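Chemist: 36 is the number that numbering that gives the first Met the number 0 gives to position 37 of the sequence shown; each next residue is one higher, with no gaps.
We put the CB at the ideal spot given by N, CA and C, even for glycine.
Just so we're clear, the structure is a prediction, and the values are computed from it rather than from any experiment.
Can you read through this structure? Questions will come right after.
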Amino acid sequence: MFESIDRIAIAVKDLDRAVAFFSDLLDIDFFVFPTKEGMGMRGAYSACGLELIAPTGPDTMLGKFVEKRGEGLWSIILKVKNMEEAIQKFEEKGLKRTGDVTFGSMREVGFHPKGSFGVEITLAEYPAEHPATAAALAEKG
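This is the structure:
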């Protein structure tokens, strides 16, 4: 069921400032992904598995999180082979779903941190692609 830790998501107030800081500190690049309507956040991925996310407003789930708890760890995202099987196992263990979203061919299902020692766990399922394939298909821009 579990394949790997896909990425670690850090909630920040200012995405551009955080991208600049972590890019310089760790000597890595980030891809700022397009904001999806209704998500309430802007984000950026690095190839090494660090994701930075910033709320688009104070009334969003992420905005409320940052206001209450400050910047910091938002979620550990785990890649799974079978989303339905993973969801069933998590729910059998008493974890409560917080969301279910699809971006292209990737589906993510989040679980409330109350049931997992204060850490939100998000399950991600998407078709595996060899890094060379991704590079070959990427458009320079």
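Just the C-alpha distance for residue 39 and residue 60, rounded to the nearest angstrom, thanks.
Modeler: Taking the first residue of the sequence shown as 1, we reach residue 39 at position 40. Taking the first residue of the sequence shown as 1, we reach residue 60 at position 61. Each residue's Cα considered, the two are about 7 Å apart.
Chemist: Report all residues from its chain with a CB closer than 8 Å to the CB of residue 110; omit the five preceding and five following residues, and keep chain order.
Modeler: Residue 110 sits at position 111 when you count from the first residue of the sequence shown. Within the same chain, residue 110 has close Cβ partners 89, 94, 95, 96, 97, 119, 120, 121 and 122.
Chemist: Output the boundary residues of the alpha helix (DSSP H) element that contains residue 130.
Modeler: Taking the sequence shown and counting its residues from 1, the one referred to as residue 130 is at position 131. Element bounds for residue 130: 130 to 136.
Chemist: Give the range of the beta strand (DSSP E) segment to which residue 14 is assigned.
Modeler: Start at 1 with the first residue of the sequence shown, and residue 14 comes out as number 15. No beta strand (DSSP E) contains residue 14, which is instead part of the alpha helix (DSSP H) from 14 to 25.
Chemist: Quick check on the DSSP output: the alpha helix (DSSP H) that includes residue 85 runs from which residue to which?
Modeler: As a first step, residue 85 is located in the sequence shown; it is residue number 86 there, counting from the start. Here the alpha helix (DSSP H) through residue 85 covers 82 to 91.
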